[in-house]
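Colleague: Have a look at this one before I ask anything.
Protein chains: 2
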Amino acid sequence: MKKTEDIEKNASTEEKIKEAARRVFTQKGYAATRTRDIAAESGYNLALINYYFRSKEKLFEMIMLEHLQLFVHSVMGIVSDPATSLETKIELLISHYIDMLKGNPDLPIFVLSEVNANPAKLLSRLGFSKMKHEKLAFVQQWKELSAKKKLKYNPLHILLNVLSMTIFPFAASPLLRDRTGMSVAEFNALMEERKKLIPMWIHDMLK
Amino acid sequence: MKKTEDIEKNASTEEKIKEAARRVFTQKGYAATRTRDIAAESGYNLALINYYFRSKEKLFEMIMLEHLQLFVHSVMGIVSDPATSLETKIELLISHYIDMLKGNPDLPIFVLSEVNANPAKLLSRLGFSKMKHEKLAFVQQWKELSAKKKLKYNPLHILLNVLSMTIFPFAASPLLRDRTGMSVAEFNALMEERKKLIPMWIHDMLK
DNA sequence: AACTTATTTAATCAAATGATTAAAAATAAG
DNA sequence: CTTATTTTTAATCATTTGATTAAATAAGTT
Chain W
0 MKKTEDIEKN
10 ASTEEKIKEA
20 ARRVFTQKGY
30 AATRTRDIAA
40 ESGYNLALIN
50 YYFRSKEKLF
60 EMIMLEHLQL
70 FVHSVMGIVS
80 DPATSLETKI
90 ELLISHYIDM
100 LKGNPDLPIF
110 VLSEVNANPA
120 KLLSRLGFSK
130 MKHEKLAFVQ
140 QWKELSAKKK
150 LKYNPLHILL
160 NVLSMTIFPF
170 AASPLLRDRT
180 GMSVAEFNAL
190 MEERKKLIPM
200 WIHDMLK
Chain Z
0 MKKTEDIEKN
10 ASTEEKIKEA
20 ARRVFTQKGY
30 AATRTRDIAA
40 ESGYNLALIN
50 YYFRSKEKLF
60 EMIMLEHLQL
70 FVHSVMGIVS
80 DPATSLETKI
90 ELLISHYIDM
100 LKGNPDLPIF
110 VLSEVNANPA
120 KLLSRLGFSK
130 MKHEKLAFVQ
140 QWKELSAKKK
150 LKYNPLHILL
160 NVLSMTIFPF
170 AASPLLRDRT
180 GMSVAEFNAL
190 MEERKKLIPM
200 WIHDMLK
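Below you can see the structure in the form of structure tokens.
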């Protein structure tokens, strides 16, 4: 039994195992990951993953939750700021995602395929209540825009386009790089260009 | 031993098992698929999957190859036709993919994540030699266009945009439908709209 | 130091899983 | 009908895999 009542953080090893697990899970996915892989990657004994986290699944859920939050909550600051225009928000959002994905290129495939494998379980945890939804500056500005410009189509298309053009290239990057012979650095440079280009294209769609 | 020299097709069961495998593999991915799942889905005994196909891996590779060809070869007819304009090709390509993905919504995540898990192995099989590449009407028209319009950016961005806006929504569909409360039918209707919209947006990008 | 608690390891377990085998059932051939 | 061949099944094997246990080591307290 632990000595202190409050949970003591052996930050060192516990965190190292979690980081190892993050790397392995994110690269191989839940089903293909062996607890032994995580142990090896962390440099610690197999039993420690059950000592610190109760099971493979618990450890996975912990990491998955953090990833989903990385995706969703990190942009809350951007989309809820009433001081910036809609177009500025979109630009910041794209820039933010591209920077984040350059450091975590496996994230899109990982998140999409795990959510696909278990939508109910994972998405319930996201919370992100739909009431608050209405209060976001982003949503308000969005509505004003659709009213004013009277777009001939569902404005959801535009949001889809922003996310598609920003995220998909990372998911397709192994295929793309194979076909074009591009290096990772060249790919990243291409994505860097898109920080300016995507907002421009989206701007034209809103014309 | 088989009676006839040439491989006899017991089309019925062999094909049924392959179809079952296709469903299970595509929905759950290689690592999460159990041979018993395939047996159950097919309605046949577990041993038959090793009787007809030599192993889980062999069966998977067979199916994966078909999927990759579905993605790549099926559009060859479109992109190699010298009689159609570049914009027409793009329109046909988008329409083709949307139709195909409406019937196989799990395909994008499946292909992307399996390619990600094993790029070398899967992409080598694709062939799709790079010499032939140069001979495609699509590529030629593409070059003419980049020369004429002198785009301020790598034209690869446009191809990326076409594929992103067309394919990504299917990959994100579980998440999207959860967040918006959309039904599958509503989602499909949205994608149907995109058959017209994406070519329009791409057209504007080429302006 | 003596004692308690926390961390780490090696060994092992039980269930899951891909594969094989031997026999039964179905089908075809003579 | 009898025999041979192909298809299908139930039972079983060997390995992998997530998890546990008991013991060893390290760290902290008094």
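Note that the protein sequences, when read in sequence, are chains W and Z. Heads up: the first sequence begins at 0 in numbering that gives the first Met the number 0, then just goes up one per residue. Heads up: the second sequence begins at 0 in numbering that gives the first Met the number 0, then just goes up one per residue. Every residue, glycine too, gets a C-beta built ideally from N, C-alpha and C.
1) Does the beta carbon of residue 130 of chain W come closer than 8 Å to any beta carbon on chain Z?
2) Answer yes or no: does any C-beta atom of chain Z fall closer than 8 Å to that of residue 96 of chain W?
3) Look at the alpha carbon of residue 44 of chain Z and the alpha carbon of residue 113 of chain W, and state the distance between them as a whole number of angstroms.
4) If you follow the alpha helix (DSSP H) that residue 117 of chain Z is part of, which residue opens it and which one closes it?
5) Apart from the five residues just before and just after residue 169 of chain Z, which ones in its own chain have a Cβ nearer than 6 Å to its Cβ?
6) Less than 6 Å between C-beta atoms, sequence neighbours within five positions excluded: which residues of the same chain meet that for residue 202 of chain Z?
7) Considering residue 41 of chain Z, what are the terminal residues of the alpha helix (DSSP H) in which it resides?
8) Just to confirm before moving on: does the CB-CB distance between residue 54 of chain W and residue 163 of chain Z stay below 8 Å?
9) Could you tell me the distance, in whole angstroms, from the CA atom of residue 117 of chain W to the CA atom of residue 199 of chain Z?
10) Using DSSP with H/G/I as helix, E/B as strand and the rest coil, what is residue 146 of chain Z?
11) Quick check on the burial criterion: 16 or more other C-beta atoms within 10 angstroms. Buried or exposed for residue 28 of chain Z?
12) Could I get the ranges of all uninterrupted alpha helix (DSSP H) runs contained in the segment 58–103 of chain W, with 4 residues as the minimum, in chain order?
13) Check whether chain W comes within 8 Å of residue 146 of chain Z, counting only Cβ atoms and requiring the distance to be less than that.
14) Output needed in chain order: residues of the segment 67–90 of chain W with a Cβ under 9 Å from some Cβ in chain Z.
15) Residue 202 of chain W CB to nearest chain Z CB: under 8 Å?
16) Indicate whether residue 184 of chain Z and residue 111 of chain W have their beta-carbon atoms separated by less than 8 Å.
17) Go ahead and label residue 21 of chain W buried or exposed: buried means 16 or more other beta carbons lie within 10 angstroms of its beta carbon, across all protein chains shown.
18) Does the CB of residue 193 of chain Z have a neighbour CB from chain W at under 8 Å?
19) Apart from the five residues just before and just after residue 35 of chain Z, which ones in its own chain have a Cβ nearer than 8 Å to its Cβ?
20) Cβ closer than 8 Å: which chain W residues qualify as neighbours of residue 116 of chain Z?
21) Is residue 62 of chain W closer than 8 Å to residue 41 of chain W when the C-beta atoms are compared?
22) Between which two residues does the alpha helix (DSSP H) carrying residue 44 of chain Z extend?
Modeller: Answer, in terms of the structure:
1) At residue 130 of chain W the pLDDT is 47, less than 50, meaning the model places this residue with poor confidence; the figure from the coordinates comes in the next sentence. No, residue 130 of chain W does not count as interfacial toward chain Z.
2) no
3) 29 Å
4) Run containing residue 117 of chain Z: none; DSSP gives neither H nor E here.
5) 100, 104, 107
6) none
7) 34–41
8) no
9) 35 Å
10) helix
11) buried
12) 75–78, 85–102
13) no
14) none
15) no
16) no
17) buried
18) yes
19) 45
20) 27, 28, 31
21) no
22) No alpha helix (DSSP H) holds residue 44 of chain Z; DSSP gives it neither H nor E.
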